Structures are given as C-alpha cells and as structure tokens.
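Engineer: Take a look at the following structure, please.
In the numbering used here, the protein residues as written are 12 to 515.
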C-alpha cells in the first residue's frame with residue numbers, strides 16, 4: 012500500500028468512526044426516550060449474550076485476512092481462492108453449531124435471568140431469536156469482509172459503514188416515532204446487515220475477481236492456519252468474556268435498569284476503543300508485508316513508536332475531555348437517572364489509556380505470528396476479571412465489575428504485555444514511553460488546567476456551554492500538540508499539506 016493511500020484510509024476510517032459515534036449517541040437518546048430504561052436494558056442484555064454466539068467465528072476472520080494478504084503479496088492466487096472457499100465452508104458448519112447454542116440459551120433464559128419480569132422475558136427471547144438469525148448469517152458473510160480488508164479496500168468498507176449507519180438511524184427513528192417497540196430494532200439490524208453482506212460478496216466476486224475454490228488445502232498449510240487461527244480465537248473468547256461479562260453478571264444479579272445504565276458507560280468505552288483500533292486496524296496488511304519481506308526489529312519498532320505517538324495524541328485528548336466534560340455530557344445526553352454511568356466509565360477509561368495507544372503492537376504480533384502469548388495472557392485476564400467482577404459486585408455493588416475490569420486490564424494489558432514487547436521486539440520501554448507520552452503528556456496536563464478553570468467559571472448546564480468549553484480547551488490542546496509534540500519535520504509536513512489544500 013502506498014503511503015498516501017494509507018493516510019487516506021486512516022482519515023476515511025476516522026470519518027466513518029465519527030459518523031458512527033454521532034449516530035450512536037443520537038439513537039441511544041431516542042431509544043431511551045421512546046422505549047424507556049427497561050426496553051433499552053433488553054437491547055444491552057441481548058447484545059451481551061449474542062456476543063457469545065459471535066465468538067464461533069473461531070478466529071477465522073482475522074486468519075483469512077492475514078493469509079489472503081500473504082498469498083496476494085506472493086502472487087499465489089490458487090492458494091488464496093482455496094483459503095476463501097474452505098473458510099466459507101467452515102463458516103457454514105459453524106453457523107449450524109450457533110443455532111444449537113442459541114436454542115439452548117432461549118430454552119433456559121428464565122433460569123439464567125430470573126430477575127426479568129414476564130414482559131421483559133418475552134421481549135428478551137423474541138429479540139434474541141432475531142439477533143441469533145442475524146449473527147448466523149453474519150458469520151459466513153465475514154469471509155468476504157476479511158478478503159476486502161486483506162486487499163486493503165478500506166475506503167469501500169468504511170463508506171459502506173457510513174451509508175449503513177445513516178440508513179439504520181433513519182429507519183429506527185421513523186419506526187420509533189410510529190410506536191414500534193424494541194423488537195423492530197433487531198429486525199432493522201437483520202435486514203441492513205444482510206444487505207451489506209450481499210454488497211461485500213458482489214464486491215469480492217466482481218471487482219476483486221476472487222472466486223471460492225472448495226478444494227482441500229495442503230495439509231501443511233491447513234495446520235499452519237489452524238495453529239494461527241486457534242490463538243486468534245482464544246483472543247476473541249477473552250475479549251468477549253472481558254467486555255461482555257459485566258452486562259451478563261448485572262443481568263443475573265441486578266435489575267434490567269442497572270444493565271441499561273451500565274450499557275451507557277459500555278457504549279462510551281466502546282467508542283473510546285474504536286478511536287484507537289480504527290487507526291491501527293489498517294496496518295495489519297502493511298505489517299504482514301513488512302514482516303514477509305524481512306523488515307528488521309528496529310524498523311518495526313520505529314513504526315510502532317510513530318503510530319503510538321499519534322494514537323496517544325488522540326487518546327489523551329479523549330481522556331481529558333471525558334474526565335472534565337463527561338459528567339455534563341451524560342446529564343445532557345441521557346439525563347440524571349443515568350449519571351452513575353459516568354463513574355463506571357471513568358474507572359475503565361483511565362485503565363485503558365496505555366493499551367489504547369499500543370494497539371499497533373497487537374497488529375505487529377499478529378503480523379509476526381507471535382500472538383500466542385498475548386492470547387494466553389488475555390485469557391488469564393478475562394478469567395481474573397470474571398471472578399473479581401462477581402466478588403466485587405457482592406461487596407460494592409454495580410461499581411464492582413467496572414473496578415474488576417480496570418484492575419485486570421492494568422495487570423495483563425499494560426504490565427505483562429509491555430514486558431513481552433521488550434522481550435520479543437527488543438522494545439526500549441523508557442525510550443518508547445518518553446517519545447510517545449512525554450511532550451503530549453505535558454500538553455494534556457496543561458489543558459486539564461484549562462478545563463478546571465472553565466468548569467469553575469462556566470456553570471450553566473447546556474449543550475452550548477459544553478461545546479464552548481470543549482472548543483476552547485481542545486483548540487489550545489491542538490495548538491500545543493502542533494508546536495510541542497510534533498517534530499520540526501512533522502510540522503513541515505502538516506504545513507505543506509495545509510498549504511496545498513488552500514491553493515487547491
């Protein structure tokens with residue numbers, strides 16, 4: 012991928028992400044207004060449970076991306092098409108297993124979630140069946156998405172996501188105004204997701220000219236793929252346990268309203284994660300190519316450090332905005348009854364900071380086929396989080412799962428993984444963190460002071476004052492980043508690009 016194309020893909024990825032964030036926030040407000048906390052809680056609970064069906068992907072999606080990119084770079088089209096065909100065939104088998112698991116959950120839902128009322132139990136079962144049908148069709152469709160990612164068709168994928176989200180938002184707003192309940196939300200998702208699946212299939216078949224060859228792969232290649240896929244799958248399981256268990260624990264031991272409140276913080280955390288993963292997600296094909304061509308550890312570390320530096324600029328800005336404006340935003344967004352979500356989110360936001368700007372490191376491990384250790388660490392992390400969540404919930408209530416998540420994240424994602432980076436990549440940690448965080452950290456601290464002053468002097472609670480405080484503080488932050496965090500070479504590049512845009 013050419014350097015300019017990579018930058019364009021990152022920019023489009025962020026445009027897609029910003030669009031998704033804005034639409035998600037507006038839709039959440041609409042859903043709470045028209046459906047109420049209970050039905051909103053049903054959405055959160057169904058999505059938490061259905062996530063366990065989605066892990067039946069078994070890591071095939073990311074495996075397809077890696078090996079398609081590898082075979083493409085080597086010009087081995089036959090192996091590429093065999094991989095695509097066999098992956099699709101395996102996904103069909105997995106979907107059948109998903110139907111069995113889903114049926115077991117539906118039949119036992121009253122025992123799993125005894126605190127649901129009769130109406131809530133009916134809504135949960137109905138919505139879950141629709142969501143199950145959706146995910147069963149999504150699993151085979153993931154093959155085509157993976158092929159598009161491997162061919163670096165990020166512009167197409169992100170533009171499709173933007174159109175999908177806008178269409179979904181319009182449909183839901185209209186239907187909510189017409190008086191439909193939570194069931195229709197899952198019906199809309201089913202229809203739109205399958206339309207995107209069809210579009211991806213047509214793109215792969217007609218634009219990329221990639222066919223599905225169902226001939227069995229060579230045994231040695233199959234074993235390599237299975238080994239790689241297993242540890243990707245292990246990572247997917249741990250992510251699922253780590254991020255979705257809290258909602259299920261609250262659904263089992265608490266009320267559906269608490270599940271809804273916790274889901275507000277989970278949405279904010281999810282968007283926080285997306286801002287960083289969107290940046291690094293476009294790098295896997297590039298990194299795979301670098302590794303296959305024998306790039307040195309020094310070259311890979313420089314790539315890692317540079318990417319992390321720019322990620323931290325974004326992460327730090329989001330974090331300080333949440334710390335100082337998050338409570339006001341939640342009050343204006345979903346009302347005072349949901350304010351507890353701010354504190355759930357705050358604990359996790361802080362713990363996420365280092366892992367957030369190191370997501371490129373995860374992509375490097377995947378490209379180097381060194382993700383085995385990460386998957387094992389994350390599995391330990393997820394199990395630790397699960398047990399701690401139950402224990403801390405019984406001691407301190409709903410804040411318990413959030414605190415457990417933060418503690419587990421610090422131990423596994425930050426402490427252990429950085430020791431591993433030092434060993435595998437020979438990453439000089441002190442140099443890495445000083446380069447990535449040093450100057451930007453100072454700007455973030457100074458900007459925090461601006462936020463404190465503005466919060467003390469601008470007390471009125473309105474979207475106008477929220478935007479005003481954000482605009483003043485973030486403008487100063489960006490100016491500080493430009494003159495302090497960026498090197499002279501980086502500033503010159505930014506200036507020359509700006510100059511070209513003005514002339515154009």
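A virtual CB, placed ideally from N, CA and C, is assigned to each residue, including glycine.
Remember, predicted model here, so these are calculated numbers, not experimental data.
I need the DSSP call for residue 516, collapsed to helix, strand or coil.
Structural biologist: In the structure as shown, the chain begins at 12 and stops at 515. Residue 516 is therefore absent and cannot be evaluated.
Engineer: Please confirm whether residue 470 and residue 351 have their CB atoms less than 8 Å apart.
Structural biologist: no
Engineer: To the nearest angstrom, how far is it from the Cα of residue 462 to the Cα of residue 89?
Structural biologist: 58 Å
Engineer: Does the count of Cβ pairs from the segment 442-454 and the segment 399-410 closer than 8 Å reach three?
Structural biologist: Verdict: no, contact absent.
Engineer: Check this for me: beta carbons of residue 95 and residue 158, under 8 Å apart or not?
Structural biologist: yes
Engineer: Buried or exposed for residue 83, please, with buried defined as at least 16 other CB atoms from any protein chain shown within 10 angstroms of its CB.
Structural biologist: buried
Engineer: Look at the alpha carbon of residue 268 and the alpha carbon of residue 60, and state the distance between them as a whole number of angstroms.
Structural biologist: 17 Å
Engineer: Rounded to a whole number of angstroms, what is the C-alpha to C-alpha distance between residue 33 and residue 111?
Structural biologist: Distance between the alpha carbons of residue 33 and residue 111: 36 Å.
Engineer: In chain order, what residues of the same chain lie with their CB nearer than 6 Å to the CB of residue 362, ignoring the 5 residues before and after it?
Structural biologist: 417, 420 and 421
Engineer: Starting from the Cα of residue 437, find the closest Cα among 483, 405, 496 and 316 and give me that residue.
Structural biologist: When each option's Cα is compared against that of residue 437, the closest is 316.
Engineer: Within 10 Å of its beta-carbon, does residue 229 have 16 or more other beta-carbons around it, so buried, or fewer, so exposed?
Structural biologist: By the 10 Å Cβ count, residue 229 comes out exposed.
Engineer: Going straight from the alpha carbon of residue 98 to that of residue 154, what length do you get?
Structural biologist: 7 Å
Engineer: To which residues of the same chain is residue 450 closer than 6 Å at the C-beta, ignoring the five residues directly before and after it?
Structural biologist: 495 and 496
Engineer: Reducing DSSP to helix, strand and coil, say where residue 188 ends up.
Structural biologist: Under the three-state reduction of DSSP output, residue 188 falls in the helix class.
Engineer: According to DSSP, is residue 86 helix, strand or coil?
Structural biologist: coil
Engineer: Pick from 355, 149 and 309: whose alpha carbon is nearest that of residue 203?
Structural biologist: 149
Engineer: According to DSSP, simplified to helix, strand and coil, what is residue 501?
Structural biologist: Looking at residue 501 - three-state DSSP - the assignment turns out to be helix.
Engineer: With a CB to CB cut of under 6 Å and the five nearest residues on each side skipped, what residues in its chain are close to residue 45?
Structural biologist: 187
Engineer: Put residue 405 into one of helix, strand or coil per three-state DSSP.
Structural biologist: helix
Engineer: How big is the Cα-Cα spacing for residue 127 and residue 265?
Structural biologist: 9 Å
Engineer: Cα-Cα, which of 64, 92 and 66 is closest to residue 75?
Structural biologist: 92
Engineer: Among 226, 179, 304 and 163, which has the Cα closest to the Cα of residue 214?
Structural biologist: 163
Engineer: Could you tell me the distance, in whole angstroms, from the CA atom of residue 168 to the CA atom of residue 54?
Structural biologist: Rounded to the nearest angstrom, the two C-alpha atoms are 26 Å apart.
Engineer: The alpha helix (DSSP H) with residue 227 in it runs from where to where?
Structural biologist: Per DSSP, residue 227 belongs to no alpha helix (DSSP H) and is neither H nor E.
Engineer: Pairing CB atoms from the segment 404-411 with CB atoms from the segment 341-356, are three or more of them under 8 Å?
Structural biologist: Yes, they touch.
Engineer: Tell me whether residue 79 sits in a helix, a strand or coil according to DSSP, three-state version.
Structural biologist: Helix.
Engineer: Please name the residue, chosen from 217, 480, 379 and 326, that lies closest to residue 77 on a Cα-to-Cα basis.
Structural biologist: 379
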